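Undergrad: When the letters of the sequence shown are read in order and numbered with the working numbering, they come out as residues 20 to 194. From the three backbone atoms N, C-alpha and C, an ideal C-beta is built for every residue, glycine too. Computed from a predicted structure; not experimentally measured. Starting off with a structure, shown below.
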Amino acid sequence: MTNQTAETQKTALPPQLIHQYVKDLSFEVPHGAGIFMALRSAPQVNINIDVQANQLQQNESNNEKPLFEVILSIKADATETVSEEEKQKKGRAVFIAELAYAGVVTLNDNNLPQEALESFLLVEVPRFLFPYARAIISDVTREGGFPPVVLHPVDFMSLWQAKRAQNFPEPAGEA
């Protein structure tokens, strides 16, 4: 290892999470108090999770650290469970919880390869944000009068790889 490499490793700081915050939060009970009287069993809860990242400032010079916002979006919508005879009908909406939880991060390396940058922003940062977002979803559903929705851990690497595969499908005939 050369002296220059050793010095770079000593002085290179890890990426920093500057802020994390609730960007948007919504909780809705579309049918009001009537849904509490009508529920005969636990509702079916569907969860959708998405991650987006965007650069907040452009580097005017190589001395400025790039600044990014990473948004972890979680939507939990619950519907009435319907019996086997009523499978054709969709159950009524019980509640809808939507959260956009964001973090602002800075990188100390302006020369990070694109794939490493994407992996950091769309996998590592959401891994850090997820426990906070999970607690918020759990709290808001509980405070809404329902059993808390406790989200299972998410494999953000698989989520990122699936998203990349959708955006860049492999050409036919190649494996």
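Could you check which residue in Ala181, Ala121, Ala116, Leu178 has the C-alpha nearest to that of Glu162?
TA: Out of Ala181, Ala121, Ala116, Leu178, Ala116 has the C-alpha closest to the C-alpha of Glu162.
Undergrad: So what does DSSP say about Gln23, is it helix, strand or coil?
TA: With a pLDDT of 49 at Gln23, under the threshold of 50, the modelled position of this residue cannot be trusted; read the value that follows with caution. Looking at Gln23 - three-state DSSP - the assignment turns out to be helix.
Undergrad: Within 10 Å of its beta-carbon, does Ala9 have 16 or more other beta-carbons around it, so buried, or fewer, so exposed?
TA: The structure shown does not extend to residue 9, since the chain is modelled only from 20 through 194, so no value can be given for it.
Undergrad: Short check: CB of Val123 to CB of Leu75, under 8 Å?
TA: For Val123 and Leu75, yes; Cβs fall inside 8 Å.
Undergrad: Can the beta-carbon of Ser157 be found closer than 8 Å to that of Val173?
TA: No, these two residues do not count as a Cβ contact at 8 Å.
Undergrad: Among Leu44, Tyr40, Gly51, which has the Cα closest to the Cα of Ile93?
TA: The option with the nearest alpha carbon to Ile93 is Leu44.
Undergrad: Give me, in chain order, the residues of the same chain whose beta-carbon lies closer than 6 Å to that of Gln71; leave out the 5 immediate sequence neighbours on both sides.
TA: Hits under 6 Å: Ile90.
Undergrad: How many angstroms separate the CA atom of Glu134 from the CA atom of Tyr40?
TA: Taking the straight line from one Cα to the other gives about 26 Å.
Undergrad: Can you give me the start and stop residues for the beta strand (DSSP E) that Glu88 sits inside?
TA: Element bounds for Glu88: 86-98.
Undergrad: DSSP state of Ser45, grouped into three classes?
TA: Correct three-state label for Ser45: strand.
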